[in-house]
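Here the structure is laid out as structure tokens; the discussion comes afterwards.
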Amino acid sequence: MGDDGGQSLRETLARRETVLAALHSAPRNKPALVDALPVSRSTVDRAIDELTAADLVERVDGDYRPTTAGEVALDCRRPYVERTDTLAAARPVLNAVDDTDADVGVDPVLLQHASVTVADPSVPENALGGVVDRLTASDRLRGFAAVVKPSYVSMLHGPVTGGDLSVEVIVERATREGLADLAYGREQFADLLDSDDFEMLEVERDLPYALWLMDDENETGGYAGVAVHETGGVAGLLATEYGPAVDWCRERYDAVRAAATPLPVDAVDL
Numbered sequence: 000m001g002d003d004g005g006q007s008l009r010e011t012l013a014r015r016e017t018v019l020a021a022l023h024s025a026p027r028n029k030p031a032l033v034d035a036l037p038v039s040r041s042t043v044d045r046a047i048d049e050l051t052a053a054d055l056v057e058r059v060d061g062d063y064r065p066t067t068a069g070e071v072a073l074d075c076r077r078p079y080v081e082r083t084d085t086l087a088a089a090r091p092v093l094n095a096v097d098d099t100d101a102d103v104g105v106d107p108v109l110l111q112h113a114s115v116t117v118a119d120p121s122v123p124e125n126a127l128g129g130v131v132d133r134l135t136a137s138d139r140l141r142g143f144a145a146v147v148k149p150s151y152v153s154m155l156h157g158p159v160t161g162g163d164l165s166v167e168v169i170v171e172r173a174t175r176e177g178l179a180d181l182a183y184g185r186e187q188f189a190d191l192l193d194s195d196d197f198e199m200l201e202v203e204r205d206l207p208y209a210l211w212l213m214d215d216e217n218e219t220g221g222y223a224g225v226a227v228h229e230t231g232g233v234a235g236l237l238a239t240e241y242g243p244a245v246d247w248c249r250e251r252y253d254a255v256r257a258a259a260t261p262l263p264v265d266a267v268d269l
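All residue numbers for the sequence shown refer to numbering that gives the first Met the number 0, where the first residue is 0 and numbers rise by one.
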């Protein structure tokens, strides 16, 4: 193959991944490939020719099998396909993010093994149902948010005041100042502020999305993600338990936390 920086290789993988994957599961001759795949013999012939020319497949004892480079190519291709599949589903969510700050911009690792929920505009807060379900089984929740709604206060009130959940949340200054205007839930919010298991911090920067991180004090495992708001309602969220993605959420939280200031109870006028 020509020295084109990998372009031809990427094109071959995109066209012939199905055949290469079939050979990865078991070496096969061409008739066996036709039986195993919903393609014609002519398609198999072309695929084998292209994969062989790309040094991704070799013939041994009458059967075709991936070369070492072919196996590595599959290992490279699969995460890319998964991330782009997630990206396709998450476009409405990501396009609602209006900031690309280096500290809080969305990293592609968040797309790996992530679940995507696009909110129903008629009931946008229902998109948070999976997150709410996790709260009662969690020991610790940390996060930051540009929006605080009465429903979020209600969501935290029970697990904090009647359970074992500790919460640390960072808000923008404007969000903190607007808490006095909550339409309802002020008593519940006052209970949270009085609890030793709830701490609120303030940061003087824009927060383009909400981020949450549920883990233990040893920072092992975890469930994390980002929720994006648009015109005051939830546009959608990406949630993950994938270790590197949870680590990324932890790093993003720590970066915002380093610039935040703890708020005394009387800093919020209810």
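Yeah, the Cβ is synthetic: ideal placement off N, Cα and C, and Gly gets one too. Keep in mind that this is a model prediction, so the values were computed, not measured.
Asked, Found
"Counting pairs of beta carbons, one from the segment 144-158 and one from the segment 197-213, are three or more of them closer than 8 angstroms?", "yes"
"Keeping to the same chain, check which residues put their C-beta closer than 8 angstroms to that of R14; ignore five residues upstream and five downstream.", "A46 and E49"
"Assuming T66 and L55 make a contact with CB atoms under 8 angstroms, what is their CB distance in whole Å?", "6 angstroms"
"Could you pull out every unbroken beta strand (DSSP E) segment of at least 3 residues lying fully inside the segment 135-206, listed in chain order?", "139-144, 165-171 and 197-202"
"Evaluate V122 with the Cβ neighbour count: other Cβ atoms within 10 Å of its Cβ, from every protein chain shown; 16 or more gives buried, anything less gives exposed.", "exposed"
"Taking contact to mean 3 or more Cβ pairs, one atom from each stretch, closer than 8 angstroms, check whether the segment 110-118 and the segment 235-243 are in contact.", "yes"
"Any chance you could list the alpha helix (DSSP H) runs of at least 4 consecutive residues sitting entirely within the segment 24-60, in chain order?", "29-35 and 40-52"
"Helix, strand or coil: which one does DSSP assign to V122?", "coil"
"Pair every Cβ in the segment 212-232 with every Cβ in the segment 125-141, then say whether three or more of these pairs are closer than 8 angstroms.", "yes"
"Return the residue from the list L109, L200 and E124 that minimises the CA-CA distance to G232.", "E124"
"So, for E198: in the same chain, excluding its five sequence neighbours on each side, which residues have a beta-carbon less than 6 angstroms away from its beta-carbon?", "E167"
"Quick one: is E171 buried, meaning 16 or more other Cβ sit within 10 Å of its Cβ, or exposed?", "buried"
"Taking the alpha-carbon of D62 as reference, which of T51, V71 and A68 has the nearest alpha-carbon?", "T51"
"Per the DSSP calculation, A223 is bridged to which residue(s)?", "L212 and T239"
"Apart from the five residues just before and just after A126, which ones in its own chain have a Cβ nearer than 7 angstroms to its Cβ?", "T116, A118, V233, G235 and L236"
"Can you tell me which residues form a DSSP beta bridge with G232?", "E229"
"From D253 to D195, what does the alpha carbon distance come to, in whole angstroms?", "21 angstroms"
"Which partner residues of D62 appear in the DSSP bridge assignment?", "V59"
"Are the CB atoms of P91 and R64 within a distance shorter than 8 angstroms?", "no"
"Where A68 and I169 are concerned, what is the direct C-alpha to C-alpha distance, given to the nearest angstrom?", "47 angstroms"
"Roughly how many angstroms lie between the CA atoms of Q6 and A53, to the nearest whole one?", "11 angstroms"
"Quick check: H156 and D193, are their CB atoms within less than 8 angstroms of each other?", "no"
"Which one of R133, D106 and P120 has the shortest CA to CA distance from Y222?", "R133"
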